[in-house]
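Protein chains: 4
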Amino acid sequence: MTQIAIVYHSGFGHTDVIANDVARGVAEAGAHATLLRIEAGQTDFDAFFAAIAESDAIVFGSPTYMGTVSAPMKAFMDASAAVYFTKQWKDKLGAAFTVSGSPSGDKLNTLTTLAIFAAQHGMLWIGTGQNPGNNDDTSAATDVENRLGSFIGAMAQAANDSAEVTPKAGDRATGVSLGRRVAEAAARWKAGAREAVAAA
Amino acid sequence: MTQIAIVYHSGFGHTDVIANDVARGVAEAGAHATLLRIEAGQTDFDAFFAAIAESDAIVFGSPTYMGTVSAPMKAFMDASAAVYFTKQWKDKLGAAFTVSGSPSGDKLNTLTTLAIFAAQHGMLWIGTGQNPGNNDDTSAATDVENRLGSFIGAMAQAANDSAEVTPKAGDRATGVSLGRRVAEAAARWKAGAREAVAAA
Amino acid sequence: MTQIAIVYHSGFGHTDVIANDVARGVAEAGAHATLLRIEAGQTDFDAFFAAIAESDAIVFGSPTYMGTVSAPMKAFMDASAAVYFTKQWKDKLGAAFTVSGSPSGDKLNTLTTLAIFAAQHGMLWIGTGQNPGNNDDTSAATDVENRLGSFIGAMAQAANDSAEVTPKAGDRATGVSLGRRVAEAAARWKAGAREAVAAA
Amino acid sequence: MTQIAIVYHSGFGHTDVIANDVARGVAEAGAHATLLRIEAGQTDFDAFFAAIAESDAIVFGSPTYMGTVSAPMKAFMDASAAVYFTKQWKDKLGAAFTVSGSPSGDKLNTLTTLAIFAAQHGMLWIGTGQNPGNNDDTSAATDVENRLGSFIGAMAQAANDSAEVTPKAGDRATGVSLGRRVAEAAARWKAGAREAVAAA
Chain A
1 MTQIAIVYHS GFGHTDVIAN DVARGVAEAG AHATLLRIEA GQTDFDAFFA AIAESDAIVF
61 GSPTYMGTVS APMKAFMDAS AAVYFTKQWK DKLGAAFTVS GSPSGDKLNT LTTLAIFAAQ
121 HGMLWIGTGQ NPGNNDDTSA ATDVENRLGS FIGAMAQAAN DSAEVTPKAG DRATGVSLGR
181 RVAEAAARWK AGAREAVAAA
Chain B
1 MTQIAIVYHS GFGHTDVIAN DVARGVAEAG AHATLLRIEA GQTDFDAFFA AIAESDAIVF
61 GSPTYMGTVS APMKAFMDAS AAVYFTKQWK DKLGAAFTVS GSPSGDKLNT LTTLAIFAAQ
121 HGMLWIGTGQ NPGNNDDTSA ATDVENRLGS FIGAMAQAAN DSAEVTPKAG DRATGVSLGR
181 RVAEAAARWK AGAREAVAAA
Chain C
1 MTQIAIVYHS GFGHTDVIAN DVARGVAEAG AHATLLRIEA GQTDFDAFFA AIAESDAIVF
61 GSPTYMGTVS APMKAFMDAS AAVYFTKQWK DKLGAAFTVS GSPSGDKLNT LTTLAIFAAQ
121 HGMLWIGTGQ NPGNNDDTSA ATDVENRLGS FIGAMAQAAN DSAEVTPKAG DRATGVSLGR
181 RVAEAAARWK AGAREAVAAA
Chain D
1 MTQIAIVYHS GFGHTDVIAN DVARGVAEAG AHATLLRIEA GQTDFDAFFA AIAESDAIVF
61 GSPTYMGTVS APMKAFMDAS AAVYFTKQWK DKLGAAFTVS GSPSGDKLNT LTTLAIFAAQ
121 HGMLWIGTGQ NPGNNDDTSA ATDVENRLGS FIGAMAQAAN DSAEVTPKAG DRATGVSLGR
181 RVAEAAARWK AGAREAVAAA
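Chains as they are written, first to last, in my numbering: chain A, 1 to 200; chain B, 1 to 200; chain C, 1 to 200; chain D, 1 to 200.
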């Protein structure tokens, strides 16, 4: 079965919601998701690295704090240096999602930073694959997918409220779709490795 | 009088609206704005460079097309290579605004690209200086400044509609504030040059 | 046979050299490369789009001019908007290379911009997959691959000299390796589509 | 006297070297530098924030780890959220430097991330203001300033060796120049605030 690791940090529970939505999408595509939640102050990631070693794809999730990934997410990234030097994640598939309080709010920098990070590891990258869902200039329709218009990863907006009520339906559905897309691509990529490349 | 050049491209008139809003803010701050509109296919920018030479600050404006500045904007940027080699814009102040159809929509990459471009020219950079204006997760309140949550430059969202009705009031006011902020900073920066640095 | 389109602009021939190196790598991997060279001022890209439609992967190449892709490259990117709206390149593989005069020189912004652009098209992205080749602090060894230390795409440095003598061997070999890597991944990705995803 | 805070993290001493070079440049320009070194695991930055409150400019320094600022640097950045909400650093001047093992090595993403961060705080940004110092394609001349070709901040390359021998002279001189440039600009900016803006 295709294995998808979802490595994420969540400060106030909003990124946790999207992480679980991504996992739901993975399951819908018939793959298995492992949720790896980074805690603030965590420095030992050995169990995470063991789980990732068995995975075909890694989805990275982080709130956007002060313009990029959160410090706990960065602690995980820095801890992966040994894995990087030996290229253990080479040719795994990567993807990302992020959450912040504004519609735009520098979220793109979080996503490109995670794509650059994955490229250092020799991973392939997959984005939302969706056109923007929002066709007016109010962004008021919170139930459409890819409402914020993001491509290199999924974006969600969380109000200053409980994770039970925010992010809204459209952003959550975007997370589900990302999970499904990553799982399907990982399955295809894995299947491709079983065929002789010469046959292409 | 403090002189502010606003160099921009507008494909469908929406960026033109914001450019004029920035100019309004410049005027409100008691400075003079020169609007320099790049046309599609334009290759001769000598008149632009002459106007910019007299300016204390340059505000760059571009729609976000396919993830970054538009091709006509890029034509202007490439044409500035000779100016770059001789550092003619060194120590001028720079700022930027961008417009696209989605709330986020990779607009950040347009703004950071323009900041990188200005840094090549040896310019200083100034952003919106505003906290995000949007406190819920719907972005429905289109009348607040910095509604989209942008800092390194101003963002506006334009619906698939005429420039007479979109971008909405909040995004337009953000443009006015950027113009005012650039003009005030340029005046201060210019005044500082008149004092002996040793006096500091 | 796996088909790889290489779409690029070259101002002074240096990017042309790397484009041909990438094509060589593609051929070494048993795939077919189509070189599509963008000319300055070009506005009609229909023949390019027709060739790309038949391709499994697209490698984008551009000099880094004033901090990002060149204006002719951007003209091609903007012309792809119609292709974007209908998601014609969705699930193709993408990669990039860039050339400029300095070791670093904002080349990264060109590569991330092309990755963002490809993500808008719904493409997957593949980088160099190589650790940095350079182990000292002089960069004097110009014959090692990935000498400049780049991951999300390939970087080459061109001196202010003829394309016959610069970029040097290491940067050219990096281009060959990128071509080989893209071709092998595209073959694998294509083979994966032939298998039932359910089998994964 | 103009006050410059240099906030930085150094993992193996190389960034520490450049931080001290920046401080030397600040002193050469007649201003006062305060070095604030972030330790791994540090969570209390109150003394840092107190020192920064008295400063006219902040220079941020970080190694580039896994594609962006190090985790300890990010911990400092996240801790500044309260300062951000109240815009305490608004209109201070900002700048940055970074160190990594490769000539390019994703260092640009560290610098743009710090510029985005400073923009969130409402700060102005100043870069190296230098043309690239390197005119060949070997980068072998390690004694020239801005050897790596960077603009939005200063880049240094550190070999896998002791901080006593690397980074080399050119990269260290780039740090000195950045310090001098920031101090001179901060003095001018401060002097400008003393004059009536109306006088402009």
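All C-beta atoms in this analysis are idealised placements derived from N, C-alpha and C, irrespective of residue type, glycine included.
From a predicted model like this one, the values you see are computed outputs, not experimental measurements.
Neighbour-count burial assignment, residue i, 16 or more Cβ in a 10 Å radius
| i | result |
| --- | --- |
| valine 26 of chain A | buried |
| glutamate 145 of chain B | buried |
| phenylalanine 194 of chain B | The question names phenylalanine, but residue 194 of chain B in the sequence shown is arginine. That one is exposed. |
| phenylalanine 49 of chain A | buried |
| asparagine 160 of chain A | exposed |
| methionine 22 of chain C | Note on identity: in this sequence residue 22 of chain C is valine, with methionine being the wrong assignment. By the 10 Å Cβ count, valine 22 of chain C comes out buried. |
| threonine 43 of chain D | exposed |
| serine 70 of chain A | buried |
| phenylalanine 76 of chain A | buried |
| alanine 82 of chain A | exposed |
Under 8 Å from the C-beta of residue i: neighbouring residues of chain C
| i | result |
| --- | --- |
| serine 177 of chain D | Within 8 Å Cβ-Cβ: nothing; serine 177 of chain D doesn't reach chain C, min ~16 Å. |
Short CB-CB distance (under 8 Å) between residue i and chain D
| i | result |
| --- | --- |
| glutamate 195 of chain B | yes |
| lysine 87 of chain B | yes |
| glycine 101 of chain C | yes |
| alanine 185 of chain B | yes |
Pairwise C-alpha distance: residue j and residue i
| i | j | result |
| --- | --- | --- |
| threonine 174 of chain A | glycine 61 of chain A | 13 Å |
| phenylalanine 85 of chain C | valine 17 of chain A | 30 Å |
| phenylalanine 45 of chain B | methionine 66 of chain C | 16 Å |
| lysine 87 of chain C | alanine 40 of chain C | 26 Å |
| threonine 112 of chain B | leucine 148 of chain A | 19 Å |
| threonine 128 of chain A | serine 177 of chain A | 8 Å |
| glycine 179 of chain B | isoleucine 116 of chain C | 29 Å |
| serine 162 of chain B | aspartate 136 of chain A | 12 Å |
| serine 104 of chain C | alanine 169 of chain D | 18 Å |
| arginine 24 of chain A | threonine 98 of chain A | 17 Å |
| lysine 90 of chain C | glutamate 28 of chain C | 26 Å |
| alanine 141 of chain C | isoleucine 4 of chain B | 47 Å |
| alanine 183 of chain D | threonine 34 of chain D | 12 Å |
| alanine 57 of chain A | alanine 154 of chain B | 36 Å |
| isoleucine 152 of chain D | methionine 73 of chain C | 23 Å |
| alanine 96 of chain A | histidine 14 of chain B | 31 Å |
| glutamine 259 of chain D | valine 165 of chain C | This structure leaves residue 259 of chain D out entirely; chain D is present only between 1 and 200. |
| alanine 196 of chain B | serine 55 of chain D | Note that alanine 196 of chain B scores 49 on pLDDT, short of 50, meaning its location in the model is unreliable and no value can be drawn from it. |
| alanine 158 of chain A | alanine 31 of chain C | 46 Å |
| tyrosine 8 of chain A | alanine 156 of chain A | 14 Å |
| leucine 124 of chain A | glycine 101 of chain A | 29 Å |
| lysine 190 of chain C | threonine 2 of chain C | 8 Å |
| alanine 53 of chain C | lysine 92 of chain C | 10 Å |
| arginine 37 of chain C | valine 59 of chain C | 12 Å |
Cutoff 8 Å: residue i Cβ touching any chain B Cβ
| i | result |
| --- | --- |
| tyrosine 8 of chain C | no |
| threonine 112 of chain D | yes |
| aspartate 16 of chain C | no |
| alanine 23 of chain D | no |
| glutamate 28 of chain D | no |
| glycine 11 of chain A | no |
Under 9 Å from the C-beta of residue i: neighbouring residues of chain A
| i | result |
| --- | --- |
| aspartate 106 of chain B | Leu108, Gly149, Ser150, Phe151, Ile152 |
Short CB-CB distance (under 8 Å) between residue i and chain C
| i | result |
| --- | --- |
| tryptophan 189 of chain A | yes |
| asparagine 134 of chain D | yes |
| alanine 200 of chain A | With a pLDDT of 45 at alanine 200 of chain A, under the threshold of 50, the predicted position of this residue should be treated as unreliable, though the coordinate-derived value follows. Yes, alanine 200 of chain A counts as interfacial toward chain C. |
| phenylalanine 117 of chain B | yes |
| isoleucine 58 of chain A | no |
| alanine 81 of chain B | yes |
| glycine 192 of chain A | yes |
Residue-chain proximity (residue i, chain A), Cβ-Cβ < 8 Å
| i | result |
| --- | --- |
| alanine 202 of chain D | Because chain D spans 1 through 200 in this model, residue 202 of chain D falls outside it and cannot be assessed. |
| alanine 159 of chain B | yes |
Chain B residues whose Cβ lies nearer than 7 Å to that of residue i
| i | result |
| --- | --- |
| glycine 129 of chain D | Lys90, Gly122 |
| alanine 75 of chain C | Ala71 |
7 Å Cβ cut-off: residues of chain C touching residue i
| i | result |
| --- | --- |
| aspartate 78 of chain B | Tyr65, Met66, Ser70, Ala71 |
Contacts that residue i makes with chain A (C-beta to C-beta distance below 7 Å)
| i | result |
| --- | --- |
| methionine 155 of chain B | Ser104 |
| isoleucine 4 of chain C | By Cβ distance, chain A contributes nothing, its closest Cβ being about 12 Å from isoleucine 4 of chain C, past 7 Å. |
Beta carbon proximity, residue i to chain G, threshold 8 Å
| i | result |
| --- | --- |
| isoleucine 52 of chain C | Looking at the structure shown, chain G is missing, and the protein chains on hand are A, B, C and D. |
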